[in-house]
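Each residue of the sequence shown is one higher than the one before, counting from 1 in full-length UniProt numbering.
Using N, Cα and C, we set each Cβ at its ideal position, and we do this for glycine too.
All figures in this text were calculated on a predicted structure; none of them were measured in a lab.
Have a look at the structure below before the remarks.
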Amino acid sequence: MPKELPGFYYDEEKNRYFPIKGPIPGSSKKRKSPPPKERDREMHEIKEQR
Numbered sequence: 001m002p003k004e005l006p007g008f009y010y011d012e013e014k015n016r017y018f019p020i021k022g023p024i025p026g027s028s029k030k031r032k033s034p035p036p037k038e039r040d041r042e043m044h045e046i047k048e049q050r
């Protein structure tokens, strides 16, 4: 039987541990800013509010 490790769960089928909290920071590919069209629309809305 595998040991209990804090922050991890054991997958018997894959015979390895996986983090419970999700992916490792920096490993996912997230967009840092919206596409240009959305960003331009947001900037226009901000200017109209002023």
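According to DSSP, residue pairing for residue 19 in a beta bridge involves 8. Here residue 48 carries a helix assignment [DSSP, helix/strand/coil]. Across the structure, residue 11 and residue 48 are spaced so that their CA atoms are roughly 53 Å apart.
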